[in-house]
Ligand code: PLP
């Protein structure tokens with residue numbers, strides 16, 4: 060009864076992110092009530108394994124009392140302190156120092172936002188300010204990668220390269236350019252790693268040349284493209300792109316909003332290829348979704364250039380809730396949990412997840428299994444030779460998502476027929492195995508769908 064009235068109130072009043080308003084009104088909301096570890100309980104009392112950690116964010120898992128306590132303690136003592144007017148308080152300062160220590164290379168300066176989108180947006184502002192400070196204000200052109208996702212602010216959504224974020228919004232802006240994705244499974248250059256790397260390097264160089272070598276400000280990239288379908292570049296790709304940016308004299312911004320905080324194994328995915336970006340964005344796993352927070356990591360040379368350029372003037376960028384003390388207290392406790400064993404467990408469970416999903420490769424509907432650590436995807440096809448995507452009539456985003464739900468599994472089910480996985484790092488071996496087995500059950504049932512039988516007969 061309570062659920063029914065909530066569904067109705069939701070339908071009338073709550074706008075859901077990235078949803079079809081009409082589609083959502085028709086389907087109604089699905090209510091979650093509670094969670095512990097890697098499992099959530101819905102309003103019908105069904106317990107599910109959260110194979111997507113909320114929205115790839117609850118890396119530490121649900122129900123950590125120590126995190127709740129850290130937030131409550133900070134709220135009791137000092138719920139808010141502004142960072143404006145040279146003020147501050149302990150938790151954000153300690154967090155900035157701890158993250159500078161954890162980050163690769165000289166990413167020693169932290170600007171805190173409320174999430175990933177405004178972290179990316181902050182970097183756009185910092186990049187522009189940097190080039191102004193260097194006396195090269197004409198460097199106002201930005202390059203990112205097809206299938207990339209860099210959030211949903213009015214500028215960041217134009218660096219994002221997913222049509223739904225552009226259509227009807229007048230995006231991208233003319234200063235926002237794209238190069239092709241590495242998308243190994245469907246790369247027109249084939250699947251040879253070196254050929255893909257060489258192709259991307261050549262394309263970035265050609266793009267900079269076409270725009271004008273002295274016009275390009277920065278290149279944005281995710282170490283693994285998340286929202287585009289969990290697209291994993293060949294080993295060496297990200298380093299090659301970083302080196303190319305240095306050679307071209309443009310800033311390299313790594314968007315680690317998904318890949319940060321143990322998602323792929325190390326604390327940050329950039330570490331895997333020993334690269335240090337000029338700036339790095341994070342969010343999600345920073346607080347494990349318990350409260351909102353994002354962070355821009357800024358390298359020494361970017362910080363120094365901006366500082367010198369501004370001199371005594373204020374650098375006019377900030378939010379009321381930059382470096383919020385409650386978020387910082389939560390992030391500090393989450394970091395302690397990571398370093399106290401969750402990173403280690405995530406690495407072990409990531410190997411188990413990848414090995415388990417690999418056993419699905421010979422299923423008639425599976426075209427590709429890819430991933431790194433606790434970030435993975437299974438791409439569904441109806442013809443393995445031709446790599447034919449699932450017919451749209453199968454409605455993966457709703458029907459296959461629901462099917463997994465019925466089997467006690469939450470996954471991301473992308474509209475193009477890709478299952479995405481990002482389980483909490485706290486998963487047990489049994490939970491990882493259940494994720495794989497429940498996926499197999501979804502695949503077997505989908506094989507019987509009339510739309511699938513029609514094309515596979
Ligand atoms: N950048 C990347 C790589 C992301 O995956 C996301 C969100 O999924 C964002 C930015 C935006 O973060 P948020 O949704 O916290 O604003």
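In the working numbering, the protein residues as written are 60 to 516. For every residue, glycine included, the Cβ atom is placed at its ideal position computed from N, Cα and C. It should be emphasised that the depicted structure is a prediction, and the values quoted were computed from it without experimental measurement.
Going by alpha carbons, who is nearest to residue i out of the options?
{"i": "residue 502", "options": "254, 217, 458, 410", "result": "458"}
{"i": "residue 388", "options": "111, 89, 131, 121", "result": "131"}
{"i": "residue 343", "options": "383, 70, 116, 265", "result": "116"}
{"i": "residue 122", "options": "128, 109, 95, 107", "result": "95"}
{"i": "residue 233", "options": "348, 275, 192", "result": "275"}
{"i": "residue 162", "options": "153, 360, 327, 364", "result": "327"}
{"i": "residue 337", "options": "207, 99, 447, 185", "result": "185"}
{"i": "residue 137", "options": "330, 491, 200, 384", "result": "384"}
{"i": "residue 300", "options": "256, 86, 318, 286", "result": "256"}
{"i": "residue 483", "options": "248, 401, 515", "result": "401"}
{"i": "residue 265", "options": "303, 254, 288", "result": "303"}
{"i": "residue 445", "options": "426, 395, 454, 205", "result": "426"}
{"i": "residue 467", "options": "103, 243, 474, 206", "result": "103"}
{"i": "residue 281", "options": "87, 439, 110, 318", "result": "318"}
{"i": "residue 212", "options": "262, 175, 272", "result": "175"}
{"i": "residue 283", "options": "298, 110, 359", "result": "298"}
{"i": "residue 331", "options": "306, 291, 345", "result": "291"}
{"i": "residue 323", "options": "429, 500, 182", "result": "429"}
{"i": "residue 390", "options": "83, 479, 127, 87", "result": "127"}
{"i": "residue 273", "options": "195, 254, 456", "result": "195"}
By DSSP's criteria, residue i is part of a beta bridge. Which residues make up the other side?
{"i": "residue 168", "result": "357"}
{"i": "residue 471", "result": "479"}
{"i": "residue 545", "result": "Here the chain covers residues 60 to 516 and nothing more, so residue 545 does not appear."}
{"i": "residue 237", "result": "203"}
{"i": "residue 431", "result": "434"}
{"i": "residue 448", "result": "440"}
{"i": "residue 114", "result": "According to DSSP, which records beta bridges pairwise, residue 114 is partnered with nothing at all."}
{"i": "residue 121", "result": "96"}
Count the other C-beta atoms from every protein chain shown that fall within 10 angstroms of the C-beta of residue i, then say buried if there are 16 or more, exposed otherwise.
{"i": "residue 92", "result": "exposed"}
{"i": "residue 75", "result": "exposed"}
{"i": "residue 139", "result": "exposed"}
{"i": "residue 241", "result": "buried"}
{"i": "residue 441", "result": "buried"}
{"i": "residue 192", "result": "buried"}
{"i": "residue 229", "result": "exposed"}
{"i": "residue 63", "result": "exposed"}
{"i": "residue 143", "result": "exposed"}
{"i": "residue 373", "result": "exposed"}
{"i": "residue 294", "result": "exposed"}
{"i": "residue 168", "result": "buried"}
{"i": "residue 259", "result": "buried"}
{"i": "residue 339", "result": "buried"}
{"i": "residue 392", "result": "buried"}
Along the chain, where does the alpha helix (DSSP H) that runs through residue i open and close?
{"i": "residue 176", "result": "175-192"}
{"i": "residue 129", "result": "124-136"}
{"i": "residue 151", "result": "149-161"}
{"i": "residue 63", "result": "61-72"}
{"i": "residue 334", "result": "Taken as a continuous stretch (DSSP letters only), residue 334 belongs to no alpha helix (DSSP H), as it is neither H nor E."}
{"i": "residue 83", "result": "80-86"}
{"i": "residue 228", "result": "No alpha helix (DSSP H) contains residue 228, which DSSP labels as neither H nor E."}
{"i": "residue 514", "result": "509-515"}
{"i": "residue 461", "result": "460-465"}
{"i": "residue 216", "result": "215-218"}
Where do the ends of the beta strand (DSSP E) carrying residue i lie?
{"i": "residue 438", "result": "434-442"}
Is the CB of residue i under 8 Å away from at least one CB in chain B?
{"i": "residue 264", "result": "Given the protein chain composition of this structure (a single chain), no chain B is represented."}
Just list the alpha helix (DSSP H) runs in the region 478-507, keeping only unbroken ones of 4 residues or longer that don't cross its boundaries, in chain order.
-> 488-506
Segments of 3+ residues assigned as beta strand (DSSP E) that fall wholly inside the region 253-329 = 275-280, 310-314
Enumerate, from N- to C-terminal direction, the unbroken beta strand (DSSP E) stretches of 3 or more residues contained entirely within the region 338-424.
-> 338-341, 353-357
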